[in-house]
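The numbering of the sequence shown is the numbering used here, which starts it at 3 and goes up by one.
Where a beta carbon is used, it is the ideal one built from N, C-alpha and C, also for glycine.
Just so we're clear, the structure is a prediction, and the values are computed from it rather than from any experiment.
Since the structure comes first, as structure tokens, the remarks are kept for the end.
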Amino acid sequence: MNSEFLMLPHFDPTIFTFGDSNIGLRWYGLMYLLGFIFARWLAVRRANQPNSGWTVDQVDTLLFNGFMGVFLGGRIGDVFFYNFDHFVQDPLYLFRVWEGGMSFHGGLIGVIISMIWTSYSQKRSFWQTADFVAPLIPFGLGMGRIGNFINLELWGRETDVPWAMIFPNDPLLLPRHPSQLYEAFLEGFVLFIILNVFIKKPRPVGSVAGLFLVGYGIFRFIVEYVREPEVESFLGIMTRGQALCLPMIIGGGLIIAWAYNRAKSAVYQ
Numbered sequence: 003m004n005s006e007f008l009m010l011p012h013f014d015p016t017i018f019t020f021g022d023s024n025i026g027l028r029w030y031g032l033m034y035l036l037g038f039i040f041a042r043w044l045a046v047r048r049a050n051q052p053n054s055g056w057t058v059d060q061v062d063t064l065l066f067n068g069f070m071g072v073f074l075g076g077r078i079g080d081v082f083f084y085n086f087d088h089f090v091q092d093p094l095y096l097f098r099v100w101e102g103g104m105s106f107h108g109g110l111i112g113v114i115i116s117m118i119w120t121s122y123s124q125k126r127s128f129w130q131t132a133d134f135v136a137p138l139i140p141f142g143l144g145m146g147r148i149g150n151f152i153n154l155e156l157w158g159r160e161t162d163v164p165w166a167m168i169f170p171n172d173p174l175l176l177p178r179h180p181s182q183l184y185e186a187f188l189e190g191f192v193l194f195i196i197l198n199v200f201i202k203k204p205r206p207v208g209s210v211a212g213l214f215l216v217g218y219g220i221f222r223f224i225v226e227y228v229r230e231p232e233v234e235s236f237l238g239i240m241t242r243g244q245a246l247c248l249p250m251i252i253g254g255g256l257i258i259a260w261a262y263n264r265a266k267s268a269v270y271q
């Protein structure tokens, strides 16, 4: 083993349990909880601004529905996108959340469904809801990636960069990219700054959501080059994660173009 690289300690993924049960608080769950608390604080702060079009009760309903969408969609997406063979052999695996992970792309689908339902029930357009939600998401994404790092999962490919890390649960004990931290920085911090600076001025409806899709898609696509693939490559040219990001990048770009063209048309009418 090369002693030049940082050997991580074997973090216990569980902070505490109640008695002898498996019920307790895990670091991964705590990261999601912190992300949710911050999202609510920011959402309420924006809702309390003059002419926001939102009440605190509407924000709470939106965030609750969104949380359920993230949880259900993320778990179902992880099973069907990355562990379908395991599911076929053991269908109950779907419900054993503590044995598996969460898929961002599945969580995104879940959030979209929850936003459609919330928009309908609150009698507002889907794009108004999506634009309100998009700047709230990156912080939670960043916290989730930190949870991945603490859980010693989703590590990167082998490398000899000076900041390479050796994960104690890696059977080969190879120095690897801490890709979880790359994603926490890009998908969490950088994307959060981009979106929240972007909304400081009035923007066409739909453009904020489109920018989120483009930004996340590009950042995730880039990091996938140094992240250890979870499954076989897609068509032999890219990872499954990159393949799932392409529709986000293309779709987000089309949404931005549609939003600005729609706003421009409205000005000239």
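| Asked | Found |
| --- | --- |
| Can you name the start and end residues of the beta strand (DSSP E) that L27 belongs to? | G26 to R28 |
| Using the Cβ count rule (16 or more neighbours within 10 Å means buried), how would you classify Q271? | Annotation note: pLDDT 47 at Q271 (below 50); position unreliable, coordinate value reported separately. It is exposed - the Cβ of Q271 has fewer than 16 other Cβ atoms within 10 Å. |
| Taking the continuous alpha helix (DSSP H) assigned at T120, which residues delimit it? | F106 to Q124 |
| Across the stretch 189-205 and the stretch 142-162, are there enough close Cβ pairs to call them in contact, namely three or more that are closer than 8 Å? | yes |
| May I ask you to report which of helix, strand or coil DSSP gives P15? | coil |
| Near L96, what residues of its chain come up, given a Cβ to Cβ distance below 8 Å and the 5 sequence neighbours on each side ignored? | R77, I78, V81 and F89 |
| In terms of alpha-carbon separation, which member of A49, T16, S127 and V135 lies closest to L65? | V135 |
| Compute the Euclidean distance between the alpha carbons of D92 and R229, then round it to the nearest angstrom. | 27 Å |
| Expressed to the nearest angstrom, what Euclidean distance is found between the alpha-carbon atoms of V216 and L110? | 13 Å |
| Whole angstroms are fine: how far does the CA of I168 sit from the CA of E155? | 12 Å |
| Based on the DSSP output, what are the partners of E160 in its beta bridges? | R178 |
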